[in-house]
Every structure is written in structure tokens, then in C-alpha cells.
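Take a look at the structure below.
Numbering (the numbering used here), first residue to last: 64 to 498.
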């Protein structure tokens, strides 16, 4: 019996999309879906969505729900993790407190002070998930979607190297999808390979029937001045390889853009974007709940299948697929630190997710990645050691934070965020530090 457990099932829009993709596969139409959330209303909504999706697709899964995480994990074959610790209120704090210091963020979920504190809220829950999985489903595959992806995968690799963990993110796929549309080349005729870290990988090869497509992109950029007014285009033109996450994300991973008013204007950077996205997610939840409670059909149209359903289908059927995923760097990228999470090409079939060795990244790309990785390494180490100073030191080496604030401001900001998040943080990392 195949059991697919959803942790954070109350992220209903995401859950709806995953369920639509899963149940569209003939071989997965009778799986057991175990839904878990800590919020009873959201769990009720997730169950209604699952039943409505199955009905609309003519599928017959067994659907069970539980507010108890270990019960939902019992006997799981696959675990899809989409939790968000602290929800919208914590996101607002991640933006509002730094904004008081003049620190600009766009998404705040990957590195930077927003990413650091999101990780510190999430790590204790990940530790609990790992303990539960060891107890009731030690052979299951944990398919993580929760951000900060790289820090979370690195933390799980440190505390639970015995578990099967892979981080899934669609940024590489959608980058290639959008670039192909930009130069009018069919996506299904393109071969590509990317590597780096999550939200900051690099498109190393991008070819159409053996032709390098970068020259076509160069010509497209040259003829359209508005295209040059985007962070990713600017980074590509200067670094030589296209970064695989949106301009909104990319702007806050480097020291070059957000603290310059002229750059924010030139590159049309939407400061505070994720707060607006988070508010829209709340509205989507309300609308989706109203739809299912009213007995109306769900919109199950999908432009592309998410990675988790593809991974599960490949493992169940042996269908060979190649994806880009996040795993611990165990000899995969030679010029990034060993052990931290990297995003690399992977093969998926009945044997699981098998990462491919990339070797060395272009040196300029690895140099940019190392700033990103340093923040993550120190944040993970802060949790492992229970060291509050390492939290401040992670913020000190963050490229965007260091470019905008003095050291005194960085430490004071970390104190304020620690106080603002309160009990959501692990006990050892609470409290201010006198300096």
C-alpha cells in the first residue's frame, strides 16, 4: 500500500495543485492520502479539497486526516513537507522589523535576516518530523518544499543522515520554461543542465538540438532595453550564466542592488513583495474554502506537473525522469563546501533520487554562491550548537544585510527579531546578547 503523507496540508492552494497532479497518474489513483495540519479548520479544508479533487478526476484514494503528526506519518511511503512555522504573522515580522532599520528585502525566505529567522523557526519542527519518521516510517522519502530550502535540507542532513531527504523546487524548470518562451524555442526540444544552490543555481547548459541558446538570448536582450531592467538579466550579463530564480529573489542574495535607490528604480525591484504574496495566499485560502464548502468544482487545470508527483510516480513505476533537486553536497560540486545543500541534476526511478556529480562550477558563480552558503552554514551551526552569537554572525556575513547596515545595527536587529518571534524560536537561541 502506498501512503503519501502531507505535512502542512492546510497550505490548501499548494495541496490542491499537488493532489491534482498526483491523482492524474493512473498508477496513483488509489493511494492512501494522509493529511496533517496543526490547524483544525485548515485540515478540514484540505480534506474537502482532497475529496473534491478525487471526485472530479474519477480517482478513488483512501483519505485520512489527523491533527497528530506521528499518526499521519505512521506507515508513510512518501512525506511531502510544506509547513510554514508562524504563518503570515511571522512573515510580516520578518519584514517589518528589518524595515525599521532601513533594510530592504523582497522575499525574505531563503537567506538574509528573513531566511535566517524562518530557518530558526522551522528547525525544531524538522527535528520533530525526523524523530517521528525514524519511529514510524524510517524508509520513507521526505520530499521537502519548505523554505529556506537549502538550510532545511542541510540541517536534516546534519541531524538525520539516515533518512531519505530531497528538496524539491520548480525554479530551474520555470526558468528554462520562461527563457524558451522568450526566444520562441519549444521547451520539449531543449536540453539543459543547472547547478548551484537552491534559488541561486546557474544554467550551465541550454541547448536546442545541440545549439547553444545563450547567443539567441543575448540578441533578444540587446533588442529590448526593458529586458535589461531586471536583476536576473543584469546578473547574467555580468556573470555569464543565468541564475535560476526570479529577479525578486535574486536581488536580495547579493550586495549590489537593494541598498541603492537608483538600482531599485533601474531594475524595478519590488521591495516587500513577499508580504503582498502572503496576503494573496490568505485570500486564496479563503476563496478555496468557500468554493469547496459551497459544493462548487475546483479549477484543476495545470500548466505543468509539480516535482513531487513526478518523483513519486517514478519511484512507484520505474519511469525514468531527470529533475533538478536539492541534496547534501557529498562530492557533487567540488568548489562549494562539502555537506551543505546544493541543487544538482538528479535521476529518479524505482531506486530513488540519485544526484549527479557536477564537478566545479564556473569560478565566478561559485564565488557568488559561497556568500549564500556561508549564511546557511552559520545558521545551521547556530541551531546545532545552540549558539546565539552564530545567529548574529550569520547576519553579519549575509551579502545584502552587510551592504546596508552597520555591525551594531545588525546585532540590534537580530535582538529585535529574536524578541519579536519569541516562543517560535528554539529556547537556546532566545534572548538578547550584550556586546
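C-beta atoms are modelled at their ideal positions from N, C-alpha and C, and glycine is treated no differently.
Assigned secondary structure, residue i (DSSP; H/G/I helix, E/B strand, else coil)
i: residue 263; result: strand
i: residue 409; result: strand
i: residue 268; result: strand
i: residue 16; result: What is shown of the chain runs 64 to 498, which leaves residue 16 out entirely.
i: residue 115; result: helix
i: residue 129; result: strand
i: residue 389; result: strand
i: residue 241; result: helix
i: residue 255; result: strand
i: residue 99; result: strand
i: residue 458; result: helix
i: residue 155; result: helix
i: residue 316; result: coil
i: residue 142; result: strand
i: residue 50; result: Residue coverage of the chain in this structure runs from 64 to 498, which leaves residue 50 outside it and unanswerable.
i: residue 417; result: strand
i: residue 434; result: helix
i: residue 439; result: helix
i: residue 465; result: helix
i: residue 230; result: strand
i: residue 107; result: helix
i: residue 274; result: strand
i: residue 284; result: helix
Contact under 8 Å by Cβ, residue i with residue j
i: residue 386; j: residue 85; result: no
i: residue 425; j: residue 323; result: no
i: residue 473; j: residue 455; result: yes
i: residue 66; j: residue 97; result: yes
i: residue 174; j: residue 402; result: no
i: residue 442; j: residue 82; result: no
i: residue 353; j: residue 143; result: no
i: residue 492; j: residue 451; result: yes
i: residue 41; j: residue 459; result: Outside the displayed span of the chain (64 to 498) sits residue 41, for which this structure offers no information.
i: residue 73; j: residue 108; result: yes
i: residue 431; j: residue 267; result: no
i: residue 271; j: residue 252; result: yes
i: residue 349; j: residue 238; result: no
i: residue 489; j: residue 187; result: yes
i: residue 265; j: residue 258; result: yes
i: residue 380; j: residue 90; result: yes
i: residue 365; j: residue 80; result: yes
i: residue 226; j: residue 194; result: no
i: residue 311; j: residue 333; result: yes
i: residue 99; j: residue 345; result: no
i: residue 112; j: residue 351; result: yes
i: residue 191; j: residue 145; result: no
i: residue 398; j: residue 429; result: yes
i: residue 363; j: residue 116; result: yes
i: residue 130; j: residue 101; result: yes
Residues near residue i in its chain [Cβ-Cβ closer than 8 Å; skip 5 each side]
i: residue 338; result: 154, 155 and 158
i: residue 199; result: 133, 136, 137, 138 and 139
i: residue 468; result: 164, 165, 166 and 476
i: residue 221; result: 402, 443 and 447
i: residue 291; result: 284, 297 and 300
i: residue 415; result: 204, 227 and 378
i: residue 392; result: 399, 400, 401, 402, 403, 404 and 405
Residues near residue i by beta carbon distance below 6 Å, same chain, minus five either side
i: residue 88; result: 376
i: residue 389; result: 212, 216, 230, 261, 404 and 406
i: residue 125; result: 95
i: residue 299; result: 305
i: residue 160; result: 479, 480 and 483
i: residue 122; result: 86 and 92
i: residue 68; result: 97, 135, 136, 139 and 142
i: residue 373; result: 384
i: residue 177; result: 157, 168 and 171
i: residue 326; result: 320
Close beta carbons around residue i, own chain, < 7 Å, minus the five adjacent residues each side
i: residue 189; result: 215, 218 and 219
i: residue 224; result: none
i: residue 240; result: 250
i: residue 181; result: 157, 172, 210 and 211
i: residue 110; result: 98, 126 and 128
Query raised in the report: At which residue ranges does the stretch 321-353 contain complete alpha helix (DSSP H) runs of 4 or more residues, listed in the order of the chain?
Result: 324-329
Query raised in the report: Counting Cβ pairs, one atom from each stretch, are 3 or more of them under 8 Å apart for the stretch 408-420 and the stretch 377-386?
Result: yes
Query raised in the report: Quick one: any contact between the stretch 279-288 and the stretch 310-320, if contact means 3 or more CB pairs under 8 Å?
Result: no
Requested in this report: Decide if the stretch 243-255 is in contact with the stretch 417-432; the criterion is three or more beta carbon pairs, one per stretch, under 8 Å apart.
Outcome: no
Requested in this report: Count the CB pairs spanning the stretch 347-364 and the stretch 230-237 that are closer than 8 Å, and state whether there are at least three.
Outcome: no
Query raised in the report: In chain order, which continuous runs of the alpha helix (DSSP H) of length 4 or greater are located wholly inside the stretch 200-226?
Result: 212-222
Query raised in the report: Which runs of the alpha helix (DSSP H) fall wholly inside the stretch 160-206 and span at least 4 residues, in chain order?
Result: 175-199
**Report entry** Entirely enclosed alpha helix (DSSP H) segments - the stretch 355-383, minimum 4 residues
**Finding:** 370-380
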